[in-house]
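In what follows, a single structure is set out as structure tokens and then discussed.
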């Protein structure tokens, strides 16, 4: 598994490298100044930050993962419709 991202300051820190090594995940950077090379992530990251990362304070990574799965199930899997409407 590989995470692909730009060379933003949040992605070049030692803590991220340590975490990625721990879980056997690679890190691949896009070409600087070419955000279109990472278009899906750029389009996805704003709602992710707004709708669940900035809404809660997580004490453990598992809490953030669960919130993300729940958000994606509703927003992505059901095209924005809640489960009871389907």
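In full-length UniProt numbering, the protein residues as written are 1 to 86.
Where a beta carbon is used, it is the ideal one built from N, C-alpha and C, also for glycine.
Please read these numbers as outputs of a predicted model, since none were measured by experiment.
Whole angstroms are fine: how far does the CA of residue 4 sit from the CA of residue 44? As a working mapping, residue 44 is identified with position 44 in the chain shown. As a working mapping, residue 4 is identified with position 4 in the chain shown. Between residue 44 and residue 4, the C-alpha separation is close to 13 Å.
Using only the alpha-carbon positions, how far apart do residue 16 and residue 6 sit? Counting from one through the chain shown, the residue named residue 16 turns up at place 16. Counting from one through the chain shown, the residue named residue 6 turns up at place 6. Roughly 14 Å between the two C-alpha positions.
By the three-class DSSP mapping on this structure, what secondary structure does residue 60 have? For this step, residue 60 is matched to residue 60 along the chain shown. Coil.
Can you tell me where the beta strand (DSSP E) with residue 15 in it begins and where it stops? Indexing the chain shown from 1 puts residue 15 at position 15. Careful: residue 15 lies outside any beta strand (DSSP E), inside the alpha helix (DSSP H) at 14-23.
For residue 26, report the span of its beta strand (DSSP E) as first-last. If you number the chain shown from 1, residue 26 lands on position 26. It spans 26-29 - the beta strand (DSSP E) in which residue 26 sits, taken as one unbroken run.
Going straight from the alpha carbon of residue 29 to that of residue 64, what length do you get? To locate residue 29, count along the chain shown from 1; it is residue 29. To locate residue 64, count along the chain shown from 1; it is residue 64. Approximately 24 Å, taken between the alpha carbons.
Can you tell which of 20, 71, 19, 21 has its C-alpha closest to the C-alpha of residue 47? The residue given as residue 47 occupies position 47 in the chain shown. Per the Cα distances, 71.
How close, in whole Å, do the beta carbons of residue 56 and residue 39 come, if the pair is a contact with beta carbons under 8 Å? For the purposes of this step, residue 56 is taken as residue 56 along the chain shown, with counting starting at 1. For the purposes of this step, residue 39 is taken as residue 39 along the chain shown, with counting starting at 1. That belief does not hold up - the Cβ atoms of residue 56 and residue 39 are roughly 27 Å apart, past 8 Å.
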